[in-house]
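**Q**
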Amino acid sequence: MRRVVLAIDSFKGCLSSAEAETAAESGIRERWRETEVVKVPVTDGGDGMTEVFSRLLDCKTIAVDCHDALMRPVRASYAVSTDDTVILETAAACGIGLLKPQELNPLRATSYGVGELLSHALRKGYSRFIIGLGGSATSDCGLGMLAALKDALGEDWPAALPRHLDVTLASDVDNPLFGEQGAAAVFGPQKGATPEMIACLDRRARTFARVAAARQGFDRSTERGAGAAGGLGYAFLQFMNAKIRSGAGLLLETAGFGTLIDGADLIVTGEGSADAQTLMGKIPACVLQYGIRKGIPVVLIAGRVTDAAALVGVGFAQVLCITPPDMPLADAMDPVLAKANIRRTLAECDFSLSA
227 MRRVVLAIDS FKGCLSSAEA ETAAESGIRE RWRETEVVKV PVTDGGDGMT
277 EVFSRLLDCK TIAVDCHDAL MRPVRASYAV STDDTVILET AAACGIGLLK
327 PQELNPLRAT SYGVGELLSH ALRKGYSRFI IGLGGSATSD CGLGMLAALK
377 DALGEDWPAA LPRHLDVTLA SDVDNPLFGE QGAAAVFGPQ KGATPEMIAC
427 LDRRARTFAR VAAARQGFDR STERGAGAAG GLGYAFLQFM NAKIRSGAGL
477 LLETAGFGTL IDGADLIVTG EGSADAQTLM GKIPACVLQY GIRKGIPVVL
527 IAGRVTDAAA LVGVGFAQVL CITPPDMPLA DAMDPVLAKA NIRRTLAECD
577 FSLSA
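For the sequence shown, the numbering used here begins at 227 and goes up steadily by one.
#1: Can you give the Cα-Cα distance for N401 and T364, rounded to whole angstroms?
#2: For M227, which of M466, A543, R259, A249 has the nearest alpha-carbon?
#3: Anyone know if the C-beta pair for K417 and L359 falls short of 8 angstroms?
#4: Among the candidates L537, D533, L403, C285, whose CA atom is the shortest distance from the CA of L514?
#5: Take E262 and list the residues in its own chain whose beta-carbon comes closer than 8 angstroms to its own, dropping the five residues that flank it on each side.
#6: Roughly how many angstroms separate the alpha carbons of G464 and L476, rounded to a whole number?
#7: What residues match up with V231 in a beta bridge as DSSP calls it?
#8: Compute the distance between the beta-carbons of V278 and V268, then report whether it is under 8 angstroms.
#9: Should N467 go down as buried or exposed, given a rule of 16 or more other Cβ atoms within 10 Å for buried?
#10: Identify, in the order they occur along the chain, each residue of the same chain with its Cβ nearer than 7 angstroms to the Cβ of A502, setting aside the five sequence neighbours on each side.
#11: Rank A566, G457, S280 by C-alpha distance to the C-alpha of A410 and give the top, closest one.
#12: Given this structure, state the Cα-to-Cα distance separating R281 from Y304, to the nearest angstrom.
#13: Which whole runs of the alpha helix (DSSP H) in the stretch 467-534 are 4 residues long or more, in chain order?
#14: Between the C-alpha atoms of P510 and A244, what's the straight-line distance to the nearest angstrom?
In structure tokens:
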């Protein structure tokens, strides 16, 4: 019997990882009736991270009344595993997905809600955190989060933190806090920033980092990932001595992916849009490395594909675009049609596997 492992990232704005994998399983079973299909929901630390980790680990979910990036009331959740590790997705509180396009304004957007989630967990006595930094609407260097911690824990909030606080940031962003490759310059435009806003945000970031370094005697603003989530990465690094890990790598390691693929004939991975950036630490690239190490072919599916030759060149057995060439983008982004496209693509593909 064939064994196929599915490790497909979410198709952002369209399908969750679990939804994409369910559609893929249908297609695989149409292609080969007698097949063992193993589904591994995955994430790189962005939207859906809490849900994915909750599926992989035996977690309980805790809901909290907090605020979104525009300080509107919202109910968000974090998860707690059996070893008391908190899984916290910053996008649940300050995510860009919670705002309408016309509401985007990184000069106003705040990470305060993230601080509310974090302080809630700290007050319950938790000290070990995995924090996903993807999908934020903010570029406030974490100042909103720090303000919420002060409001909840008191003026001297750093002294109220657990003595053995352990914070791991899940992020695939390498950018520093400020400068040409900083949070505002690189990620500001997708959060609604104009060139004038970007200049203002970058000045704010430089000033904040300078003041913090003068007070604390060290500066982590230029470190890898400081610019993640609009500078939230910097706030965690500077004020909580956080360490940063590849979100994709951390997830696959937590899932025990290396063991799960033992004996597999095929691995199917994917994401909404596959291009050269896919190779920069994203889920499909990490999955591919596992496949290469164990000699298992890895097929990549995506709603949109560019640089297919480069993707095949690094080792993907096949790179498949699920969207028909004449299908409009609005239709391709429809969840029902996207699921049908995934199912059809995998049902009709010739994977060239022996019986």
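Beta carbons: idealized from backbone N, C-alpha and C, even for Gly.
**A** To lay it out plainly:
#1: Straight-line Cα distance between these residues: approximately 15 angstroms.
#2: Per the C-alpha coordinates, the member of M466, A543, R259, A249 positioned closest to M227 is R259.
#3: Result no, Cβ atoms of K417 and L359 do not sit closer than 8 angstroms.
#4: Among L537, D533, L403, C285, the Cα nearest to that of L514 is on L537.
#5: Excluding residues within five positions, the ones whose Cβ falls inside 8 angstroms are M227, R228, R229, V230.
#6: Here the sequence assigns Gln to residue 464, which means Gly is not the residue at that position. Using only the alpha carbons, I get a separation of about 21 angstroms.
#7: DSSP, once it has assigned bridges, lists V264, I493 as partnering V231.
#8: Note that the C-beta distance between V278 and V268 is below 8 angstroms.
#9: Exposed is the call here.
#10: For A502, where only same-chain residues beyond five positions count, the Cβ hits under 7 angstroms are D533, A536.
#11: Checking every option, the nearest Cα to that of A410 belongs to G457.
#12: When rounded, the distance between both Cα atoms is 13 angstroms.
#13: Within the stretch 467-534, the complete alpha helix (DSSP H) runs of at least 4 residues are 473-481, 483-486, 509-520.
#14: For P510 and A244, the distance between alpha carbons rounds to 15 angstroms.
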